Each structure stands twice: as structure tokens, then as C-alpha cells.
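Report on the structure given below.
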Amino acid sequence: MPAKANPIPDGFHTITPYLIVDGAQKIIGFMQKAFGAEYTHEPTKRPDGTIMHATLKIGDSMVMVSDSSEHTKAMPKALLPIGPRSLEQLREAILQARGDGLAVSTSGSRHSMGGQQFGAGMVLLDTRDLNRVGTLDPGSQTIEAEAGIEWPDTKTIHLR
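Residue numbers (the working numbering): -9 to 150.
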């Protein structure tokens, strides 16, 4: 009996994002500058010069990218989810997106019921990992916390 084919190519994970966008080269440039993305498959271009397919590696993950066409329309939601793990990484991602002319949408712990935080054609900054509680000021009844904080986490601050 022949060996069963592996449906997941070497170097890939179970799920691989495929971004169909308007302006693939701009998105690729952003991924290269912000995350050190490297081509594993040089762009295949259409006759009009737009990107039909490119594969990039970020860390140990693959991302595939192409320009939209009459047959494959651009995705209507966020272009690239980014999960900064520190305030400095968040700052760098915002500055890089601004420098590349890309709009930014943010999402903390997903309290939106209608998906409003997912702007069309934007880089999505997922701040769930920025969930540290800072200080409590009983006089003004305020808590200083990072953008990904969830309400149950704020209740622990009074125990300190």
C-alpha cells in the first residue's frame, strides 16, 4: 500500500493565512520591515505586474499573499493580525504601519458584538496579551491598565 500523502507541506502549520489584498507589495514590505518576513516562494506575477502568489515566513509561520483580481476579490476585513507582547512592540507596529501608509485597527479582549474593531483594509493590532493591571487610585476611582485587560482581571487589584 502506498504511503498516505501529508496534506500539510513541510514547514507549514495546520492553518496558514492566505491574504488576498489590494496592494500586496505594500503589505509584503510591511511584513518584511516589521517582522523580518522572508520569501520562501518569490512572487509569481500576473502580466499586469500584480502579485498572483507569494509565500513568506515570519518566525516559524508561513503567510501567503496575493493581489486581488476580477476572480479573487480582496478580503473585506483586517489585512494582517499582529499580537504585540509589549508596549514597545505595539508602538513599533503602529509607527511601521504609519510609515507604510497603512491604517490601523485595534482589538483588545473582543468586547464588540458586531465586529466593529475589524476595519476594512487595515492592520489589526490584537492587544489581548497586553493585559497587565497597573495602579488603582481610590480617590478618583480609576485603574491604570493595558489595552487587553478583561474586567475580571481588574477585580484582583484591590487584593494587593
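Where is the CB? At the ideal position from N, CA and C, for every residue including glycine.
As the structure is a computational prediction, the values presented were derived from the model and not from experiment.
Taking the alpha-carbon of K63 as reference, which of S51, A14, E134, L85 has the nearest alpha-carbon?
Among S51, A14, E134, L85, the Cα nearest to that of K63 belongs to A14.
Tell me whether A83 sits in a helix, a strand or coil according to DSSP, three-state version.
The answer is helix: DSSP assigns A83 an H, G or I state.
Are the region 82 to 95 and the region 12 to 27 in contact at 8 angstroms, needing three or more beta carbon pairs?
Yes, since at least three Cβ pairs between the region 82 to 95 and the region 12 to 27 fall closer than 8 angstroms, the two stretches touch.
Can you tell which of D50, P33, A83 has the C-alpha that lies nearest to the C-alpha of K23?
Checked all of D50, P33, A83; the closest Cα to K23 is A83.
Keeping to the same chain, check which residues put their C-beta closer than 7 angstroms to that of Y8; ignore five residues upstream and five downstream.
These residues qualify, in order along the chain: M54.
Please classify T132: does DSSP put it in a helix, a strand, or coil?
Strand at T132.
Using DSSP with H/G/I as helix, E/B as strand and the rest coil, what is D57?
Note: D57 maps to strand in three-state DSSP.
G73 to S59, Cα distance in whole Å?
Looking at the two C-alpha atoms, the distance is approximately 29 angstroms.
Out of S97, H43, P37, state which residue places its alpha-carbon closest to the alpha-carbon of P139.
Per the sequence shown, the amino acid found at residue 139 is Ile instead of Pro. Of S97, H43, P37, the residue nearest in Cα terms is S97.
With respect to the alpha helix (DSSP H) encompassing I10, which residues constitute its N-terminal and C-terminal limits?
Careful: I10 lies outside any alpha helix (DSSP H), inside the beta strand (DSSP E) at 8 to 11.
Can you grab the Cα-Cα spacing for the pair L77 / L120, in whole Å?
Each residue's alpha carbon lies about 7 angstroms from the other.
Let me check understanding here. Comparing Cα to Cα, which of T30, H61, V123, P37 lies closest to D0?
Of T30, H61, V123, P37, the residue nearest in Cα terms is T30.
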